[in-house]
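Take a look at the structure below.
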Amino acid sequence: MRTKLIAGNWKMNPSLAKGRELAREVVERTRGLGCEVVVIPPVPLVQAIGEIVVGTHVGLGAQNLHPERSGAYTGEAAGSMWVELGARYVLCGHSERRQLFGETSRFVGAKVAAARRDGLVPILCVGETLDEREAGVTEAVVTEQLVAGLADVGAADADGIVIAYEPVWAIGTGKNATPEQAQAVHRFVRGWLGQHLGADAAERIRILYGGSVKASNAKELLGQPDIDGALVGGASLEAAGFAAIAAASA
Ligand code: 13P
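Residue numbers (my numbering): 22 to 271.
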């Protein structure tokens, strides 16, 4: 049985003061829901938010990491630095990183491997654009992202990795994938995991859905057999709504 994971990707929001308030409220409102809850603040807030959530039931994540352990990489952060701040998760290959910052699938794979090496759980993000969906190549796109993203991952890593299916056309658009559309890709991803890592690993790896998840559509999405949680953007910036999504996973 896979424990549902509800993660809030705050992206480049909010201010430090608002972030602290949001984190405190998330801790208060998501107690005892039976799912795992994680907040993923922007870089300058990770330490302050960690001081609020680490030691509670709410976990901490980072939005990115560099594959190297240390060195001359201005503006970057190493996985070990996130671990020192109490983080347990790190996003790898979010579509905004791929599209806006030119991250290739191969580079994303190096990040996933580094996250494992550094003791973090990578959340590997995959998903197609609208053009790709309309061209009927969703599965091919997702496969390429899985092949490169998990190049250094084996069956023994099953409990230490998470996949997030985030169709690019559903991110920040208010237009979520239907539960059927999402479930079809999640089932495909689990099938791919089964072929490459074995049936046991595939059954254990959590596959999150992301893209315009909100309180009103969470129950139906999270009710699908292969949807093991949500990666929430906009709706994670408001504690009551985010808690309602977490409650919908029960
Ligand atoms: P939205 O929930 O704002 O669509 O963002 C999804 C996302 O990109 C989470 O990583």
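Cβ coordinates follow ideal geometry from the N, Cα and C atoms, glycine included.
Since the model is a prediction, treat every value here as computed from it, not as a measurement.
- If you check the C-beta of Leu26 against the ligand 13P, you find no heavy atom less than 7 angstroms away.
- Lys32 and Val234 have their C-alpha atoms some 15 angstroms from each other.
- The three-state secondary structure of Ile266, taken from DSSP, is helix.
- Per DSSP, the continuous alpha helix (DSSP H) segment holding Gly215 begins and ends at Pro200 to Leu218.
- Classified as exposed, Gln216 has fewer than 16 neighbouring CB atoms from the shown chains inside 10 Å of its CB.
- At least one heavy atom of the ligand 13P lies less than 7 angstroms from the C-beta of Asn30.
- Taking the Cβ atoms as the reference, Arg227 lies roughly 5 angstroms from Leu26, within the contact range of under 8 angstroms.
- With a cutoff of 8 angstroms on beta-carbon distance, Pro188 and Gly232 are scored as near each other.
- As a beta-bridge residue in DSSP terms, Cys113 pairs with Leu145.
- In terms of Cβ geometry, Asn30 and Leu112 form a close pair [threshold 8 angstroms].
- In summary, Gln204 is buried, with 16 or more beta-carbon neighbours lying within 10 Å of its beta-carbon over all protein chains present.
- Judged by DSSP secondary structure, Asn30 falls within the beta strand (DSSP E) whose first and last residues are Leu26 to Asn30.
- DSSP places Val129 in no beta strand (DSSP E) but in the uninterrupted alpha helix (DSSP H) bounded by Ser126 to Asp139.
- Nearest C-alpha to Val104 among Val163, Pro143, Asp173 and Ala239: Pro143.
- By the C-beta density criterion, Tyr186 is buried, having at least 16 other C-beta atoms within 10 angstroms.
- If you ignore the 5 residues before and after Arg50, its C-beta comes within less than 7 angstroms of the C-beta of Ala260, Ala261 and Ala264, all in its own chain and listed in chain order.
- In this structure Leu151 is exposed. Its beta-carbon is surrounded by fewer than 16 other beta-carbon atoms within 10 angstroms.
- Residue pairing for His87: DSSP places it in a beta bridge opposite Ala99.
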